[in-house]
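Here the structure comes first, spelled out in structure tokens, and everything after it is commentary.
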Amino acid sequence: MEIIIGKKGETELDRVIEAKNGSKEAFSELINEHKIELYKLGKSILRDDNDIADAMQDTIYSAYKNITTLRNTKGFKVWLLRIMTNKCNDILRKKEKLVPVETMKEDSFEESYEVHNEHIYKAIGELDDELKILVMLHYYEDMSVEDISKSIKVPKGTIKSRLSRARKKLYESLKGER
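Under this note's numbering, read the sequence shown as residues 997 to 1174, first letter to last.
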């Protein structure tokens, strides 16, 4: 598990505890440490920068308002990403639409690559929240199965089987996009 050390040698766990006790500064530091992960997750679900900004703002507000309810202080990052996923899904529900995928031009490799990525992001966005978060943590945040297991207190075997199920669903979803 990645241990992030901040001011005065504090770990992330120390900052989570301080934030739960009302420290705005500690909460702000936590958000600054995870804002890139929030953006990446938002991009994988929404792709529109304005929607992502709205989801991030709603996530930060909700996390600040509810940090005292966080039971597993070691699982702050997963908790925060779960809130972000829910806020992104709320935005999608409000818009009642799927994110459009650009049409491919045959002779443009760059556009082909972008469209391929769009298909991948769309397929990830269609996964259940549980699988989506695991895929993002493992493949985009480079967290090991062991670190994810410790963070969300689920056995490693369960994480492996869920990642396997996610890969199969992604394969099936992307198979028709070729």
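Quick reminder that beta carbons are idealized off the backbone N, C-alpha and C, glycines included. Bear in mind that the values here come from a model prediction, so they are computed numbers and not experimental data.
Exercise for the section: Using DSSP bridges, identify the partner residues of T1064. Expected result: Answer is none; T1064 lacks a bridge partner.
- Where are the alpha helix (DSSP H) runs, 4 residues long or more, that stay fully inside the stretch 1035-1064, in chain order? 1045-1062
Notebook entry, point to check: Between M1139, K1128, S1140 and G1018, which lies nearest to R1163 when the distance is taken from Cα to Cα?
Noted result: K1128
- Item | Candidates S1024, E1025, S1145 and L1133: closest to R1078 by CA position | L1133
Residues sharing a beta bridge with T1081, DSSP: Note: T1081 sits in no beta bridge, so no partner.
For S1160, count neighbouring Cβ atoms within 10 angstroms of its own Cβ and tell me buried if that reaches 16, exposed if not. exposed
*Environment of K1090 [buried if 16+ CB atoms lie within 10 Å]*: exposed
Take A1051 as the anchor and find which of Y1135, K1036 and S1157 has the nearest alpha-carbon. K1036
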